[in-house]
Amino acid sequence: MQLGLELARLTAGLDRLYRDVPRTQSFLDREGLIPVAMAQVEPYALASYGEARDRLEAFAARIPGEAESDLRRAYLTEMVDSLLALLDTFESRQISYAERLRRQMRVDTQLVSDEILDGYRHTIRENLDELGYRGGSLAEDVGRFEADTLVPADQVLATMSEVTREAQRRTSEMMYLMNDEWLEPVRLDDVPFTAYCDFPERKMRLNLAMPFTRSAIKHLACHEAFPGHLVHMALRQRYVAEGKMPLDGAQVVTSSASSALFEGIADNGWFFLDWINTPEDVVGMTLERLRAALRCNAAWMLHAEGRSHEEVAPIIAEAGYQDLETAKSRIAFLRHGLRAPFVYGYWCGDTSTHAVWEKVPKERRKEFWAYLYGNMHTPSTLRDFWTV
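For our numbering, add 186 to where a residue sits in the sequence shown, where the first one is 1.
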């Protein structure tokens, strides 16, 4: 527990240093390095990024001898290296985008292959055929499907409330009792994302300028609320308060070693609830995965290949069957330096979590959820320390 306390204080000190640098008043800049803290943490007073680096390196040297378990040893080692890579970016040191992905985000993916993308398209085609969307190109049939399942903007908040109530009910019955938790859907304008879980205010902030299909609403109800971010953070808050989880578990740290699993848990929410039941659900889920993969590829083209947003957005729009303005909106946050690699957390987190989840027998699901929600993880620790 001592290492968790010290890591939390070091990370909070690094967040303070980051926030002390003058930035814009944009939503993402205001979030800082730690957008959500579920417990009070007294930051270490760090005079400079150089001091932060020295403290982290000294901390890393203690991990092998002081970590409470092999899982914690592996996680802490990855998290500290992730923070050291973040320091490279803060200090404008030379670090490639590929290295940021590998060290900060702890993912190996650079470009998602055409084989994987075409596999998603095949699944979409099969299920659209079953739903009767045939006769056109895949782009045309996806367009008709999404037009038919689009929820009017003036009905999105009410529909989201209704679907989120069902997600809450399923979560309480199948996973964790969450009847006292709620995330109220509210409108949020002029932001470079679709939805946001405001945990302190218990609000689900939705960008109503974006299109919302029925499947997208179900996905977001699970991702942002039940059993995704709201449940994940509420449990971490509880476990830290009860002394069952080290203090670093109370911090959400942007573009770090923990980010992929933070998003992966959320993106697997509808699987945890056995809520992919129809061809419409499968099409919606697979479109989410296809577009998340394409956003990884967009980020690679922008940050590794040096291509412009104006060049990349049409490529992603066509490949993901979206209109150009929607595609532009979905990659707008890639301009933000701290979050440049964060987009990989969605697809890589989803697939790495699902790769373990699909091997979990039904009778061990609660054991798996305790392992998943009750520990801080990276993609590799989740894989390596779950015993099949």
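By construction, the Cβ of each residue, glycine as well, lies at the ideal position given by its N, Cα and C atoms.
Round the Cβ separation of residue i and residue j to the nearest angstrom and send it over; I've been treating them as touching at under 8 Å.
i	j	result
Leu363	Leu374	At roughly 29 Å, the Cβ-Cβ gap does not stay under 8 Å, so Leu363 and Leu374 are not in contact.
Arg289	Ser268	6 Å
Ala446	Gly535	4 Å
Arg232	Gly199	Here residue 232 is Leu; the residue named in the question, Arg, does not match the sequence. Going by Cβ atoms, the distance from Leu232 to Gly199 rounds to 4 Å, so yes, they are a contact pair.
Thr539	Gly450	3 Å
Asn561	Leu257	6 Å
Thr472	Thr309	5 Å
Ser444	Pro527	Not confirmed; about 13 Å, so no contact.
Which partner residues does residue i have in the DSSP bridge list?
i	result
Trp389	Sequence check: residue 389 is Lys here, not Trp. Answer by DSSP bridge pairing, in chain order: Glu370 and Asp384.
Thr275	Partner(s): none; Thr275 has no beta bridge.
Val222	Val438
When the Cα atoms are used, what is the spatial distance from residue i to residue j?
i	j	result
Gln226	Glu549	37 Å
Arg216	Glu312	44 Å
Gly318	Arg307	16 Å
Leu314	Glu466	8 Å
Tyr507	Pro565	29 Å
Glu285	Arg292	9 Å
Leu219	Tyr283	18 Å
Ala503	Arg239	41 Å
Leu273	Leu568	25 Å
Ala223	Tyr532	21 Å
His405	Leu242	37 Å
Pro221	Leu558	21 Å
Asp453	Glu326	26 Å
Phe582	Val438	With the chain represented from 187 up to 574, any question about residue 582 goes unanswered, as that position is not in the structure.
Ser323	Val337	24 Å
Asp201	Leu193	12 Å
His489	Arg525	12 Å
His409	Glu277	34 Å
Val417	Gly321	42 Å
Leu343	Ala260	42 Å
With residue i as the anchor, note down where its alpha helix (DSSP H) starts and where it stops.
i	result
Ile517	Leu510 to Ile517
Pro465	Pro465 to His489
Asp340	Careful: Asp340 lies outside any alpha helix (DSSP H) and carries neither H nor E.
Thr440	Neither: Thr440 is in no alpha helix (DSSP H) and is coded neither H nor E.
Tyr204	Gln188 to Asp206
Cys534	Tyr530 to Trp543
Tyr557	Arg551 to Tyr559
Ala499	His495 to Ala505
Please state whether DSSP places residue i in a helix, a strand or coil.
i	result
Leu262	helix
Leu232	coil
Thr564	coil
Val298	coil
Val417	helix
Thr335	coil
Thr399	strand
Val546	coil
Ala591	No statement about residue 591 is possible, as the shown extent of the chain runs from 187 to 574 and does not include it.
Phe245	helix
Gly635	The structure shown has nothing for residue 635, since the chain only spans 187 to 574.
Met361	coil
Val580	For the chain, the structure presents residues 187 to 574; residue 580 sits outside this window and is missing.
Pro250	helix
Tyr319	coil
His522	coil
Thr345	helix
Val574	coil
Val165	For the chain, the structure presents residues 187 to 574; residue 165 sits outside this window and is missing.
Ser282	coil
Of all Cβ atoms in chain C, is any one closer than 8 Å to the Cβ of residue i?
i	result
Arg292	Here chain C cannot be found, since the structure has a single protein chain.
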